[in-house]
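In my numbering, the protein residues as written are 960 to 1404. No residue lacks a Cβ here, since even glycine has one placed at the ideal position from N, Cα and C. Small disclaimer: the values here were computed from a predicted structure and weren't measured.
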Amino acid sequence: MVSSLTVRSVSPTPTPSKKAAAALAAFSLDSPTKVSKKLFVKLTDDERLPESPDTIGDDDEEVDEEAQLRELRKKFVGEVDLPESEEPLLKESKRRFVLFPIQYNEIWQMYKKAEASFWTAEEMDLSKDLHDWNNRMNDNERHFISHVLAFFAASDGIVNENLLERFSNEVQAAEARCFYGFQIMMENIHSETYSLLIDAYIKDPAQREYLFDAIETIPCIKRKAEWALRWISDQESTFAERLVAFAAVEGIFFSGSFASIFWMKKRGLMPGLTFSNELISRDEGMHTDFACLLFSHLKRRPHPEVVKHIIVEAVKIEQEFLTDALPVKLIGMNADLMCQYIEFVADRLLVSLGNEKHFNKTNPFDFMDMISLQGKTNFFEKRVSDYSKAGINHSSTTDNTAQSSKTLYVPSFHSVPNHFTNVPFVVLLTKTFRCFFLLVSVFLC
């Protein structure tokens, strides 16, 4: 800290040991780790030596940050005196066994949108992918894609673990439980799809097992998994904090990998992989939207600094994953732009959670403007009616149209139903003839 700098006495003239320490510091190529910093402090404990500027107050600052975070976690916004057990979404009620009348219309509509977007792994066509994998991609690209698929295959299981162990047990609102039940099914389909992709592309059994065991065998994937698993097992964190954490898992941990696969699509490679990526990224965007929607319905929410801390921590892990551990340069992407994209996605998530932007970055990938994680795109460019079940969204409208005035966030995902399938053919024909005769009469006049 600054205070420690001002009180420490420094010898007026450099001693030989000072010069030696400075020379050693000059040869250092990397910034010292925590351990090396502590060792350096011990070596310079001699009263004649000042500490290296890099080591002064480092541990104190880290302790201060942790202490500040602990204090902030005790502060809330909204109805600050409301116990978590009294949260309407979390409060146990016998009404949770009955759906109607709908109490949370926005949450119910999100469930119906998810229901309208159902698909299965059997609908993927990988016939052209193997040709691209074997003949159009180099070793670096195959290495990158296989490791991304390994992360995805494991991460969907972790998301389900959280839903089954924590969220489904904690949330009592029937409408939210419907969504979580459907999300669990879709996460299973995602996991099956990624496993099928690994099975199709990787022919060596030993390599396949290595990828399927990625949480244990691949350190960079293990770190991301451990961060998510830590939140599942954390008994001290609030439901709201864990809601933010898993919004970060699905909204940030997946974002860079989704973008890298869309980069392959831009190059005309792997149509089966890229189409499955479109469907899955749309689903995960919807799941992130749902987490933000639930967060907006909470009466007592974490301090904005706590929310920001969780998101920024996830950003750092994702940036390290795609720039150092599994660098996107392997497939020809720019690492700096990837970091910027992850920060752009994080800013959108922060705003959706009621916070201010932290990074203030723009989207550096023009191809991602068409396929934003927030779901502003129609992902149903193939077989529209197959992927958005006709009439579901229309029929789900109920008389319960009251919306919460305290909502911070409105989900931005919009499925595109096939309106023509909902309109009888006779009605369409009648309207067509009416328009035709009207035009003829105008022309004759």
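Check: Can you give the beta carbon distance from V1057 to A1133, rounded, assuming they're within the 8 Å contact cut?
Finding: With a Cβ gap of about 7 Å, V1057 and A1133 count as contacting.
Check: By how many angstroms is the C-alpha of E1120 removed from the C-alpha of L1228?
Finding: Between L1228 and E1120, the alpha-carbon positions lie close to 33 Å from each other.
Item checked: Given E1237 as reference, the closest of W1092, M1327, T1176 and S1086 once Cα atoms are compared -> Looking at the Cα atoms, M1327 is the closest of the given residues.
Note to self: Can you check which of these residues, A1206, F1217, N1093 and M1069, is closest to G1406 by C-alpha distance?
What the structure shows: Outside the modelled stretch of the chain, which goes from 960 to 1404, sits residue 1406, for which no answer is possible.
Notebook entry, point to check: Buried or exposed: Q1194, going by 16 or more other Cβ atoms within 10 Å of its Cβ?
Noted result: Exposed, by the Cβ-count rule.
Next item on the list: Label Q1166 either buried or exposed according to how many other C-beta atoms from any shown protein chain fall within 10 Å of its C-beta, with 16 as the threshold for buried.
Entry: The residue is exposed, with fewer than 16 neighbouring Cβ atoms inside 10 Å.
Margin query: Could you pull the DSSP bridge partners for F1035 from this structure?
Written below: DSSP lists P1261 as partners of F1035.
Next item on the list: With distances taken Cα to Cα, identify the nearest neighbour of V1130 among A1073, L1281 and Y1063.
Entry: Closest by alpha carbon: Y1063.
Next item on the list: Using three-state DSSP, classify Y1160 as helix, strand or coil.
Entry: DSSP places Y1160 within a helical segment (H, G or I) once states are collapsed to three.
Checklist line | Same chain, Cβ closer than 7 Å to K1288, five either side skipped, listed in chain order | finding: Correct list, in chain order: A1294.
Checklist line | Check whether I1211 and A1305 have beta carbons under 8 Å apart | finding: In contact: I1211 and A1305 (Cβ atoms closer than 8 Å).
Note to self: Using the three-state DSSP reduction, which class does V1057 fall into: helix, strand or coil?
What the structure shows: Coil at V1057, not helix or strand.
Margin query: To the nearest angstrom, how far is the alpha carbon of E1043 from that of R1259?
Written below: Straight-line Cα distance between these residues: approximately 8 Å.
Checklist line | Environment of D1283 [buried if 16+ CB atoms lie within 10 Å] | finding: Exposed: under 16 other Cβ atoms inside 10 Å.
Check: Cα-Cα, which of L1170, W1186, V1274 and E1146 is closest to R1241?
Finding: Ranking L1170, W1186, V1274 and E1146 by CA distance to the CA of R1241 puts E1146 first.
Check: Which residues mark the beginning and the end of the alpha helix (DSSP H) in which F1324 is found?
Finding: Going by DSSP, F1324 is part of no alpha helix (DSSP H) at all; its letter is neither H nor E.
Item checked: C-alpha distance - I1117 paired with N1094, whole-angstrom precision -> Distance between the alpha carbons of I1117 and N1094 is about 34 Å.
Item checked: Assumed close pair L1296, P1323 - CB separation to whole angstroms, cut-off 8 Å -> That pair is a contact at about 4 Å.
Next item on the list: Following the continuous alpha helix (DSSP H) through P1178, name the residue where it begins and the one where it ends.
Entry: For P1178, the enclosing alpha helix (DSSP H) covers residues P1178 to S1192.
Next item on the list: Can you grab the Cα-Cα spacing for the pair E1046 / I1161, in whole Å?
Entry: Distance between the alpha carbons of E1046 and I1161: 48 Å.
Check: Between V1107 and F1077, what straight-line distance do the alpha-carbon atoms span, to the nearest angstrom?
Finding: The straight-line gap separating the alpha-carbon atoms of V1107 and F1077 is approximately 24 Å.
Note to self: Going by beta-carbon coordinates alone, are A1173 and A1273 separated by less than 8 Å?
What the structure shows: At least 8 Å separates the beta-carbon of A1173 from that of A1273.
Next item on the list: Over the uninterrupted alpha helix (DSSP H) stretch that includes P1230, give me the two end residues.
Entry: That run of the alpha helix (DSSP H) goes P1230 to H1256.
Next item on the list: Keeping to the same chain, check which residues put their C-beta closer than 8 Å to that of S1052; ignore five residues upstream and five downstream.
Entry: Here the set comprises Q1131.
Item checked: Rounded Cβ spacing between I1269 and A1204 (contact assumed at less than 8 Å) -> Yes, they are in contact, since the Cβ atoms of I1269 and A1204 sit about 5 Å apart, within 8 Å.
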